[in-house]
Structures are given as structure tokens and as C-alpha cells.
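Numbering (our numbering), first residue to last: 121 to 508.
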């Protein structure tokens, strides 16, 4: 099969490289299309990853949230009594609570205000497993003490260096003076510029309108060997319909669905990917069409020599495959570099993955082969009678 496709005389390669300027334009067009697709998909996945970073750190098997909550940033509280009702059910080992709120952080350098996500829980019984924050949780047991996300956007001030110099410093959030006594790593999101971890007591002081029995996320740990789906079904049957009982994967997927479907992020990035695909298809089509048009006499000669339309079609498809491979390489390399620059500039988790690279490579093949398939119609005009 391969011998038939790539013959001893590499006509397709010779055809592709004959016009160097045309080859450069084709490769630049394909690379640009790939970069555009990489850029759109990379930012979309980064948005999803940053939006669900907290979910992955939660310490629990099942989670209770208010049924009318759309996402974490606009989450609605519910009564703690709902969580206590789950404690006595079969398979449930323990429960825990998490408070969430968007606070107004005052930059200590220029006095501007920025939004930060505040996480509140009992430091002696943490509901989140943040690796570099866990050893420091003892520091925030005191009222108005907090840990600061070192990957917060620079707009919040030069906080990390101040903590390194002084071990702690005074800051203001929601017009309340707090002491920042340590740093951790989580990452900023599209909804907030940074993150703070505080005790549940400090959280209620920062958000005085909240009542202690109004929680945002209820965490449920199951006993070893418990069937998570069975416990989930039982809890859904016992608890009122105004709370949702979700597994961690369902909780994460609900957040992704909100940003991907309800908000315009998914539509914008998805449309950008489609545009990149169409741009690449048009560019490759124009290159292949021009190539076939310029060499119609040669194709007609091959027909007169006895070569079939199938052979000529295979020749065009080989050119399309060669262009796809050669165009993908610079597109991938440039996108890889752009990912690193964007990640450093925005602190969003924009990383290259094997799955995304494979997807873009597949789309590049489809893009080029589709262009070749459209170009095949021009081969019908290669009539030996026009020459002889």
C-alpha cells in the first residue's frame, strides 16, 4: 500500500519543492492556521483548568452544593443542616464544610482594588489539600491571618517578596485589616486575580453578611469500600431537591459546562478554532489549485502515457500530506513557545499536551486532504486531446 502511495520517483515531493516561494507561502499558511487552533484550544483548556483548580484540591468523595448555583464564583450558600442529614447515612464516614467568597483586595502599593477568591475552612480539619499550604495552616488559626497565592496577578502588589523579607505584612480586604503570613500556589482565574486561604472564623469576619450555618460546599467522605454511586443515590433520595449531591468528576464537569456553554468563553474559543481550520483549508486549496493549474499539460501528458485518474489523484493527495507534515512542525514549535510566554505572563495553566498536539495534527491532515479533494476536480480538465 505504501509502495503504491510513495513510488520510487517522488513526484509529489518534486512537485511541492519545485516552486520554493509557493512552498514557503503554503507552509506559512498552514503553520498560521495551526498556531491559531493551538492558541484557541490552549486558552480554552487553561480557562477550564483554572476554573476547576479548587475542585481538584477538595478533600471529599461527594459534595453538596445549592441547586441554583451556576459556578464557584457565583455559588449560593445553603443550610449546614442539609450536610448534617447526610452524616447518619450508610457509607458516610465524615463531613466537612467550605466557605467561598469574592473579596475586594486593596493593593498595598498603589491602593487600587482587585477581586480575590477567598477560601475559608477549619485549619485543624482542612477541606482542601493544597500541598504547600497544608504545612502552614497552623499560622492562620489566629483571627485575621491569611495565606496568599504566590501566582496571583501582579496587579495585587508585590506581596510575595514582602512576605519573604518580613515573614508577614499587613493588607486590607473588604475594608478589614489582615496579616498575610505565608504563600501557596494555586493560580489565578478569569473571575479572580488571586486566592486567599483563611480560617472559617476569619472568613465570617471578612464577610459579615454571612451566617455561620450558611455554607457553600459540603464535603462528604465515605467509609472504605463504600459504593459511591449507591451512597449518592441514597443521599439524593433523602435530601431535599434544593441541594445537589455530586461526585468530584461531576462537580468539575458542572463547572466546565458553565464556562463552556453558559458563558461565551467556549463559543469564542471554539469559533476561533473553526476559523483557523477554514483559513488553513483555503490557503492549502489555493496552493494546490494553482499547482495543478500550472501543470495541467504535464498531467495531460501522464494521462496520454497511460496513467489513470487514480494515479493523479494519489499524487495530489501526497502533496497535501507532505504540506500537512511540513506545515505542522513550525506551527507546533511556535505554539509551544507561545504557550510558555502566555503562562508566564498570565499565570494561567497554558501547557502543551500530547492529546492536543495529536488533535491539531489530525485536523491539519483533514484540512490538507480536504483541500486536495476539492482540487481533484481540476484534474478532470487535464485532457490529452488539448495537447496532442
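Where a beta carbon is used, it is the ideal one built from N, C-alpha and C, also for glycine.
Give the straight-line distance between the Cα atoms of residue i and residue j, rounded to the nearest whole angstrom.
| i | j | result |
| --- | --- | --- |
| residue 373 | residue 222 | 22 Å |
| residue 224 | residue 293 | 5 Å |
| residue 420 | residue 442 | 23 Å |
| residue 386 | residue 422 | 49 Å |
| residue 184 | residue 364 | 5 Å |
| residue 174 | residue 439 | 47 Å |
| residue 133 | residue 404 | 15 Å |
| residue 298 | residue 320 | 14 Å |
| residue 165 | residue 284 | 32 Å |
| residue 230 | residue 389 | 34 Å |
| residue 483 | residue 466 | 28 Å |
| residue 136 | residue 143 | 7 Å |
| residue 395 | residue 335 | 43 Å |
| residue 477 | residue 171 | 22 Å |
Going by alpha carbons, who is nearest to residue i out of the options?
| i | options | result |
| --- | --- | --- |
| residue 206 | 328, 150, 326 and 342 | 342 |
| residue 226 | 216, 296, 240 and 247 | 296 |
| residue 276 | 432, 291 and 219 | 291 |
| residue 149 | 234, 400 and 304 | 400 |
| residue 249 | 176, 391 and 228 | 176 |
| residue 307 | 167, 456 and 334 | 167 |
| residue 463 | 202, 272 and 265 | 272 |
| residue 217 | 142, 190 and 182 | 182 |
| residue 196 | 333, 245, 431 and 447 | 333 |
Return the bridge partner residues of residue i from the DSSP annotation.
| i | result |
| --- | --- |
| residue 223 | 236 |
| residue 150 | According to DSSP, which records beta bridges pairwise, residue 150 is partnered with nothing at all. |
| residue 304 | 269 |
| residue 298 | 291 |
| residue 248 | 178 |
| residue 241 | 319 |
| residue 446 | DSSP output for residue 446 lists no bridge partner at all. |
| residue 455 | In DSSP, residue 455 forms no bridge with anything. |
| residue 198 | 335 |
| residue 143 | DSSP output for residue 143 lists no bridge partner at all. |
Pick helix, strand or coil for residue i, following the three-state DSSP scheme.
| i | result |
| --- | --- |
| residue 213 | strand |
| residue 472 | coil |
| residue 315 | strand |
| residue 337 | strand |
| residue 488 | helix |
| residue 267 | strand |
| residue 186 | strand |
| residue 467 | coil |
| residue 159 | helix |
| residue 367 | strand |
| residue 481 | helix |
| residue 327 | coil |
| residue 416 | helix |
| residue 435 | helix |
| residue 262 | coil |
| residue 495 | helix |
Using a 10 Å radius around the Cβ and a threshold of 16 neighbouring Cβ atoms, would you call residue i buried or exposed?
| i | result |
| --- | --- |
| residue 269 | buried |
| residue 204 | exposed |
| residue 67 | This structure gives no information on residue 67, because the portion of the chain shown stretches from 121 to 508. |
| residue 391 | exposed |
| residue 193 | buried |
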